[in-house]
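**Student:** Would you mind keeping the following structure in view while I ask a few things?
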Amino acid sequence: RDGVLYDVCRPCGIMLLLNPSSGRGQAMSLFSTHIQRMLTEAAVPHTLLITDHQNHARELVRNADLSQWNALIILSGDGLLFEVVNGLMEREDWEEAIQIPLGILPGGSGNALAASIHHYTGAAAVWGEDLLVSCGFMLCKGLVSRLDLVSVHLASGNRVFSFLSVAWGFVADVDIESEKYRHVGAVRFMVGTLVRLASLRIYQGRLAFLPASDDKELSAPSPPSSPLLSSFTFCSPVSCHTAADQPLVRQNQNPLQNGSPVQNSSSNAVVPARADPNEPTKHGPVDSLLVPLSEPVPQNWTVVERQDFVLVLAMYQSHLAEDLLTAPEAKAEEGCIHLFYVLEGISRAALLRLFLAMEKGGHLAYECPHLQYRKVQAFRLEPRTPQGVITVDGEQVEYGPVQAQIHKGLARLVTG
Ligand code: ADP
Ligand code: MG
Numbered sequence: 005r006d007g008v009l010y011d012v013c014r015p016c017g018i019m020l021l022l023n024p025s026s027g028r029g030q031a032m033s034l035f036s037t038h039i040q041r042m043l044t045e046a047a048v049p050h051t052l053l054i055t056d057h058q059n060h061a062r063e064l065v066r067n068a069d070l071s072q073w074n075a076l077i078i079l080s081g082d083g084l085l086f087e088v089v090n091g092l093m094e095r096e097d098w099e100e101a102i103q104i105p106l107g108i109l110p111g112g113s114g115n116a117l118a119a120s121i122h123h124y125t126g127a128a129a130v131w132g133e134d135l136l137v138s139c140g141f142m143l144c145k146g147l148v149s150r151l152d153l154v155s156v157h158l159a160s161g162n163r164v165f166s167f168l169s170v171a172w173g174f175v176a177d178v179d180i181e182s183e184k185y186r187h188v189g190a191v192r193f194m195v196g197t198l199v200r201l202a203s204l205r206i207y208q209g210r211l212a213f214l215p216a217s218d219d220k221e222l223s224a225p226s227p228p229s230s231p232l233l234s235s236f237t238f239c240s241p242v243s244c245h246t247a248a249d250q251p252l253v254r255q256n257q258n259p260l261q262n263g264s265p266v267q268n269s270s271s272n273a274v275v276p277a278r279a280d281p282n283e284p285t286k287h288g289p290v291d292s293l294l295v296p297l298s299e300p301v302p303q304n305w306t307v308v309e310r311q312d313f314v315l316v317l318a319m320y321q322s323h324l325a326e327d328l329l330t331a332p333e334a335k336a337e338e339g340c341i342h343l344f345y346v347l348e349g350i351s352r353a354a355l356l357r358l359f360l361a362m363e364k365g366g367h368l369a370y371e372c373p374h375l376q377y378r379k380v381q382a383f384r385l386e387p388r389t390p391q392g393v394i395t396v397d398g399e400q401v402e403y404g405p406v407q408a409q410i411h412k413g414l415a416r417l418v419t420g
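In my numbering, the protein residues as written are 5 to 420.
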């Protein structure tokens, strides 16, 4: 526990940022039906601010006088909180600014953090409006915990801060492709999963990581005997080696990494590709575990030998979506990244089975040899497939090499 929200009376109470276009476009009616009365009955002073464009919340938070507010709460999906976190980290006074308690009221189609916070209370799983009401109660109670943030370096040298996930391959494609089914709400991920399963793809790239102190390498289990795992499930042994054996990045292997300038997709500014994570050009903490993307990973990192993936997913909360308990052990403040990757060779049936089992967090019990799970402090991913999608907290970022490291308890979050 890291304090309570309402111990200090601030002039404006809580800032409630609402994205009217999130989810099925019903955030405003969710507020008036469920949240407004709760806040009034609990005498929680609040100011509602409705965003009218992407990055509006980011701009508001970057320039706000934070001494006026008890907390910054969003009513939307995870994407709006991503804006808020990054708006805070872009401030000159980021170190103090990121201490303001953050909160989430699920009104989007991707409500992974809300589902995670609810899960941490130990209560039985709920969805949709019940999850919203649960988070509304937490906000009225006002207990605050620490929240891990992950610093993510993109190919252009830009850095973003993430509270949830980095995804590449199957999961990232589903997240972005399923935008077109947003009118069905959270079910869009299941629809997207089925569509993408029908045209399952392999993604080439290299993955390396720095294991956490309590990481246990999953021993490659014996071939699965379940009849559901179809006969073209190859059970090739999974091997890793340390970075000392072979550098992850060979010079000039990728045009983004040979020191030539690359185009910064968000601002169209040309920035050098050799940004040194130990000399942050912007604000935020030093990433002491990372070396520049143009250099090989440090010798104490583990390099995954296989380079053909179906997905790579780094998570630091328990849920990937309202109904996907992907990292059952995760906590809000833990100081480690749960790194999952699925190797080429898995059958469609086996992959579907993993996603179905994930609803209750049962996917790891299958000991599927293609699914690997490691606890790490940092990782680097270098896609070799020329085009693709990488998401951070469900938001699409520039495609190319990424690396990231965890910062334990850097932010604060309203929890149960
Ligand atoms: P959902 O879970 O439904 O995707 P998000 O909160 O993730 O909801 O928001 C989706 C996207 O909408 C994010 O990229 C966010 O930055 C953006 N956004 C925020 N406010 C607005 C707005 N007023 N109009 C359009 N897009 C917005
Ligand atoms: Mg979203």
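Glycine included, every Cβ here is placed at the ideal spot set by N, Cα and C. Here the structure is a predicted model, which means the values were calculated and not measured.
Under 6 Å from any heavy atom of ligand 2, by CB: list those residues in chain order, please.
**Tutor:** Matched residues: G81, D82, G83, G112, G114 and G398.
**Student:** Comparing C-alpha positions only, which one of P302, S217 and G114 sits nearest to L168?
**Tutor:** Closest option to L168, Cα to Cα, is G114.
**Student:** Who are the near neighbours of V314 in its chain, counting only those whose CB is closer than 8 Å to its CB and skipping five residues on each side?
**Tutor:** G173, F174, L204, R205, I206, Y207, V346, L347, E348, I350, L355 and H374, listed in sequence order.
**Student:** Let me know if R41 comes out buried or exposed under the rule of 16 or more other beta-carbons within 10 Å of its beta-carbon.
**Tutor:** Counting Cβ neighbours within 10 Å, R41 comes out exposed, since fewer than 16 surround it.
**Student:** With DSSP as the reference, label H57 as helix, strand or coil.
**Tutor:** Residue state, collapsed to three classes: coil.
**Student:** DSSP puts M19 in a beta bridge; with which residues?
**Tutor:** Answer by DSSP bridge pairing, in chain order: T51 and L76.
**Student:** Would you say G140 touches ligand 1, meaning its beta carbon is less than 6 Å from a heavy atom?
**Tutor:** Incorrect: G140 has no Cβ contact closer than 6 Å to ligand 1.
**Student:** Does the beta carbon of S26 fall short of 6 Å from some heavy atom of ligand 1?
**Tutor:** Under cutoff, so the answer is yes.
**Student:** Alpha carbon to alpha carbon, how far is V178 from R14? Give it in angstroms, no decimals.
**Tutor:** Those two C-alpha atoms are separated by around 42 Å.
**Student:** Among L343, P387 and S322, which one has its Cα closest to the Cα of M362?
**Tutor:** With distances taken between Cα atoms, M362 lies closest to S322.
**Student:** Can you list, in chain order, the residues of its chain whose CB lies under 8 Å from that of V195, leaving out five sequence neighbours each side?
**Tutor:** Within the same chain, V195 has close Cβ partners S182, Y185 and V188.
**Student:** Could you pull out every residue in the same chain whose Cβ sits closer than 8 Å to the Cβ of G91, ignoring the five residues on either side in sequence?
**Tutor:** If we look at G91 and ignore the five residues flanking it on each side, its Cβ neighbours are A61, R62, E63, L64, V65 and R66.
**Student:** Taking 6 Å as the cut-off, is the CB of D56 close to at least one heavy atom of ligand 1?
**Tutor:** Under cutoff, so the answer is yes.
**Student:** Can you list, in chain order, the residues of its chain with a C-beta nearer than 8 Å to that of V154? Leave out the 5 residues immediately preceding and following it.
**Tutor:** Contacts found: F165, S166, F167, V170, A318, Y320, I341, A408, Q409, I410 and H411.
**Student:** Can you give me the start and stop residues for the alpha helix (DSSP H) that K145 sits inside?
**Tutor:** From DSSP, the alpha helix (DSSP H) with K145 extends over G132 to K145.
**Student:** If you reduce the DSSP assignment to three classes, tell me which class H342 lands in.
**Tutor:** Here H342 sits in strand by DSSP.
**Student:** Between which two residues does the alpha helix (DSSP H) carrying M362 extend?
**Tutor:** No alpha helix (DSSP H) holds M362; DSSP gives it neither H nor E.
**Student:** Check whether the Cβ of E100 lies closer than 6 Å to any heavy atom of ligand 1, and answer yes or no.
**Tutor:** E100: no, Cβ never under 6 Å from ligand 1.
**Student:** What's the gap between the Cα of T306 and the Cα of G7?
**Tutor:** Distance between the alpha carbons of T306 and G7 is about 38 Å.
**Student:** Under 8 Å: do the stretch 87 to 102 and the stretch 284 to 295 share three or more Cβ pairs, one atom per stretch?
**Tutor:** Flag = yes, the stretch 87 to 102 and the stretch 284 to 295 touch.
**Student:** Confirm, please, whether the CB-CB distance from N74 to L147 is below 7 Å.
**Tutor:** In this structure, N74 does not lie closer than 7 Å to L147 by Cβ.
**Student:** Determine, using beta carbons only, whether V301 and R384 come nearer to each other than 7 Å.
**Tutor:** Yes; because the gap between Cβ atoms is below 7 Å, this pair is in contact.
**Student:** May I ask which residues mark the beginning and end of the alpha helix (DSSP H) holding T197?
**Tutor:** R192 to A202 is the span of the alpha helix (DSSP H), which, as asked, contains T197.
**Student:** Can P405 and L297 be called in contact, C-beta distance under 7 Å?
**Tutor:** A contact, by the Cβ cut-off of 7 Å.
**Student:** In the DSSP assignment, the beta strand (DSSP E) including H187 goes from what residue to what residue?
**Tutor:** Per DSSP, H187 belongs to no beta strand (DSSP E) and is neither H nor E.
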